[in-house]
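If you're matching them up, the sequences are chains F and B in order.
Residue numbers for the first sequence follow the numbering used here, beginning at 101 and rising by one.
Residue numbers for the second sequence follow the numbering used here, beginning at 101 and rising by one.
Glycine residues also receive a C-beta, built at the ideal position from the N, C-alpha and C atoms.
Down below is the structure, laid out as structure tokens.
Number of protein chains: 2
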Amino acid sequence: MARMVAERSDAIASLAEVFREHGYEGASLALIGKATGLGKGSLYHFFPNGKEEMVRAVLAEIEQWFEDSVYSPLRDGDDADAAITAMLDETAKYFRSGRRVCLVGALAVANTRDLFAQAIRGYFVAWVDALQAALVRQGRDTEQARLLSEDAVLAIQGAIVLSRALDDPAVFQRAIDQLHARLAFNGEMLDNNASGSGSL
Amino acid sequence: MARMVAERSDAIASLAEVFREHGYEGASLALIGKATGLGKGSLYHFFPNGKEEMVRAVLAEIEQWFEDSVYSPLRDGDDADAAITAMLDETAKYFRSGRRVCLVGALAVANTRDLFAQAIRGYFVAWVDALQAALVRQGRDTEQARLLSEDAVLAIQGAIVLSRALDDPAVFQRAIDQLHARLAFNGEMLDNNASGSGSL
DNA sequence: TAAACTCTTGACTGATTGGTACAGTAGCTG
DNA sequence: CAGCTACTGTACCAATCAGTCAAGAGTTTA
């Protein structure tokens with residue numbers, strides 16, 4: 101019966117964490133209530149459409165964070181190379197070197213995918229597009245930049261899966277390091293045969 | 101009250117499909133019953149420990165399939181290059197070009213990870229080890245082979261996530277093609293200094 | 001034929017699910 | 001001060017959950 105602190109936005113970080121840890125179906129209202137410190141009454145006051153709306157709010161916040169911290173510098177930063185380096189470092193930090201799951205990626209392989217398909221797609225489209233823009237600004241061919249950026253985003257997602265499966269954050273870090281090498285503009289440009297880049 | 105056909109093994113393919121589509125928590129006994137055509141009584145007759153035992157049975161069958169179809173040829177095939185090519189093609193077929201989720205990968209990012217941690221880890225360790233063995237037989241350095249095989253397995257997992265997120269199987273196929281190029285032994289071996297390939 | 005075994009059914013249980021309703025309480029506005 | 005809105009706790013709901021069980025049906029063995 102109190103008004104405690106409770107702004108809607110305060111809850112979102114906790115919500116994100118509980119959905120990451122338990123998934124959409126696994127995150128029960130009891131669990132959510134415990135994680136946020138909010139009762140059902142408050143939860144349904146802030147999110148009248150229940151869990152679905154909670155996830156949408158979380159996805160929106162995630163998208164916003166990536167937009168500000170990653171996509172925007174990639175698209176508009178004046179130093180493309182620096183923006184790419186920053187993206188990899190920020191990403192590694194964000195995912196805690198693979199110890200933290202990517203909620204969007206997890207939703208993409210879950211049965212709930214259809215419910216959030218648009219948000220999921222938007223997240224990845226924006227990421228690939230922004231990275232491609234940076235690679236083009238590096239002087240790369242548009243098509244090669246597209247493939248390379250797809251490849252990079254995919255590698256990050258795979259690195260989360262594999263490093264969790266092996267319970268070894270070093271796997272994630274190696275993948276990031278690998279991407280540093282493959283995405284950097286070294287001054288000496290790779291020739292158009294991209295396949296040879298696996299020197300490590 | 102009939103004895104219909106019902107061998108335990110008959111159910112496993114259906115079980116795998118339903119766990120892939122709905123995840124561990126999302127696959128209710130009602131859903132499982134519908135998918136397998138078995139009532140609760142039969143399910144608990146074959147799998148006395150319930151869902152957990154069902155998933156273990158599915159994981160064992162998956163592991164066995166990969167062992168026979170992928171790992172074993174990679175480790176012991178007389179033509180390493182052919183085994184790698186076969187692995188990529190079999191894998192692409194198995195995952196239906198990304199339309200089908202990797203159950204092991206999905207479990208790895210779910211909260212149920214701990215329950216099946218050993219099986220999940222075993223699956224990926226075996227995959228990476230087998231691929232590494234093939235790459236070494238190609239004549240590559242042990243350490244490079246290790247990193248490259250980690251990278252390939254990770255890319256396949258990431259390709260499933262991204263192609264589902266974008267709802268575009270072509271993303272998966274491009275990743276497989278990319279791996280074909282990166283894992284093939286071209287006759288002209290990459291030296292450890294990649295810059296030397298100088299086309300001009 | 002009779003007993004033994006293997007499978008199947010479906011009703012049942014107690015717990016938990018997401019969600020609703022509502023009374024109540026605190027803080028703000030007038 | 002009164003009245004309003006914003007928030008909170010809780011009792012409650014129907015549905016569903018995983019899992020149990022006794023009774024029965026079909027097959028195999030003797």
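Check                                                                                                                                                                               : Outcome
In the stretch 112-138 of chain B, which residues sit with their C-beta less than 8 Å from some C-beta in chain F, listed in chain order?                                           : Glu121, His122, Gly123, Glu125, Gly126
Taking DSSP as the reference, what is the three-state secondary structure of Gly141 of chain F?                                                                                     : helix
Give the DSSP-derived three-state secondary structure of Asn211 of chain F in the structure shown.                                                                                  : helix
Compare the C-beta of Glu250 of chain B with all C-beta atoms of chain F and state if any pair is closer than 8 Å.                                                                  : yes
Just to confirm, is the Cβ distance from Gly177 of chain F to Glu125 of chain B under 8 Å?                                                                                          : no
For Thr242 of chain F, does the count of other Cβ atoms within 10 angstroms reach 16, so buried, or fall short, so exposed?                                                         : exposed
State whether the stretch 199-210 of chain F contacts the stretch 257-269 of chain F, with contact taken as three or more CB pairs (one from each stretch) at a distance under 8 Å. : yes
For Ala305 of chain F, which of F:Gln244, F:Arg120, F:Leu115 has the nearest alpha-carbon?                                                                                          : Because chain F spans 101 through 300 in this model, residue 305 of chain F falls outside it and cannot be assessed.
Can a CB atom of chain B be found closer than 8 Å to the CB of Leu235 of chain F?                                                                                                   : no
Is the shortest distance between the beta-carbon of Gly287 of chain B and the beta-carbons of chain F less than 8 Å?                                                                : For Gly287 of chain B, the pLDDT reaches just 45, beneath the cut-off of 50, and the residue's location in the model is therefore unreliable, although a value from the coordinates is still provided. Cβ-Cβ to chain F under 8 Å: no for Gly287 of chain B.
Within 10 Å of its beta-carbon, does Gln83 of chain F have 16 or more other beta-carbons around it, so buried, or fewer, so exposed?                                                : Within the shown structure, residues of chain F are numbered from 101 to 300, placing residue 83 of chain F beyond reach of any answer.
If the cut is a Cβ gap below 7 Å, which residues of chain F does Ala180 of chain B touch?                                                                                           : In chain order: nothing, as chain F lies at least about 16 Å away.
Applying the 10 Å Cβ sphere with the 16-neighbour rule, what's the burial state of Asn149 of chain F?                                                                               : exposed
Can you grab the Cα-Cα spacing for the pair Leu129 of chain F / Glu107 of chain F, in whole Å?                                                                                      : 18 Å
Put Arg264 of chain F into one of helix, strand or coil per three-state DSSP.                                                                                                       : helix
Exposed or buried, which one is Ala160 of chain F when buried takes at least 16 other CB atoms within 10 Å?                                                                         : exposed
Pull up the distance between the alpha-carbon of Thr212 of chain B and that of Lys193 of chain B, whole angstroms please.                                                           : 27 Å
For Gln232 of chain B, which of helix, strand or coil comes out of DSSP?                                                                                                            : helix
Closer than 8 Å, CB to CB, is Ala226 of chain B near chain F or not?                                                                                                                : no
Can you tell which of B:Glu250, B:Ala233, B:Gly198, B:Gly239 has its C-alpha closest to the C-alpha of Phe272 of chain B?                                                           : B:Gly198
Where Ile112 of chain F and Ala157 of chain F are concerned, what is the direct C-alpha to C-alpha distance, given to the nearest angstrom?                                         : 7 Å
Please state whether the Cβ-Cβ distance between Arg182 of chain F and Leu174 of chain F is less than 8 Å.                                                                           : Contrary to the premise, residue 182 of chain F reads as Ala rather than Arg in this sequence. No, the Cβ-Cβ distance between Ala182 of chain F and Leu174 of chain F is not below 8 Å.
State the CB to CB distance for the pair Leu283 of chain F and Ala252 of chain F, rounded to an integer number of angstroms; the pair is presumed to be in contact (CB under 8 Å).  : 6 Å
Establish whether the CB of Leu159 of chain B and some CB of chain F are separated by less than 8 Å.                                                                                : no
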